[in-house]
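Heads up: the structure comes next, in structure tokens.
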Amino acid sequence: MDKTTKVNKLYKIAMGESVQLSPTERNELSKYKVSKVGKPLTTKGNISQYVTAVDRGCHKAFYDWCLDNHKGDRRTKDGSADAISKFNKGQYTSVALFGWLIWGMALYWIFDRSISAGGCAVAGAILTVILYKIKREISGFTCVLLPVIILAIIGSR
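The sequence shown lines up with residues 102 to 258 when you count with my numbering.
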């Protein structure tokens with residue numbers, strides 16, 4: 102399958118349109134982690150750049166790749182590089198504050214109060230931002246459920 106065909110099919114997938122794929126096409130497109138993203142991130146140019154990045158070794162999902170690289174539909178208000186940068190800054194700030202509280206408490210209990218509460222809070226904020234940066238789609242699990250599960254396991258001992 103040539104790059105233009107890949108881009109067209111992935112674009113339809115990203116826009117939420119129904120696409121009929123043969124088993125060979127499905128297999129070939131499986132390395133591209135594109136799901137319904139919609140506007141303002143999806144453009145054929147962004148999909149083309151993403152396909153090139155994946156072919157060169159990138160393993161991120163299309164949504165994460167767009168946000169990390171400030172790629173969007175610059176014709177829309179929310180798709181400009183500045184808007185995406187502001188969105189990222191707001192997300193990282195809220196995740197860090199949430200991690201400061203939840204992961205900070207979890208780390209404080211995990212280390213059995215041997216590290217100061219402030220140190221655990223800072224470590225929790227950093228850990229949460231790193232986990233969020235790795236995969237945004239599962240941030241609910243990594244920010245909330247994972248520390249609660251760890252605390253439940255440690256608390257039951």
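No residue lacks a Cβ here, since even glycine has one placed at the ideal position from N, Cα and C. Please read these numbers as outputs of a predicted model, since none were measured by experiment.
Counting the other Cβ atoms within 10 Å of the Cβ of N147 gives 16 or more, which makes it buried. According to the DSSP assignment, T153 belongs to the alpha helix (DSSP H) that extends over K145 to D156. Between K190 and V152 the beta-carbon gap is near 28 Å, outside 8 Å, which marks them as no contact. Here the region 153-169 makes no contact with the region 197-209; the two share fewer than three CB pairs at distances below 8 Å. When G139, G225, I211 and R214 are compared, the shortest CA-CA separation from D179 is found for G139. In the displayed model, V108 falls within a helix according to three-state DSSP.
Counting C-beta pairs closer than 8 Å gives three or more between the region 155-163 and the region 126-134, which meets the contact rule. DSSP, reduced to helix, strand and coil, places A162 outside both helices and strands of the structure shown, so it counts as coil. Bounds of the alpha helix (DSSP H) holding N189 are A182 to I211.
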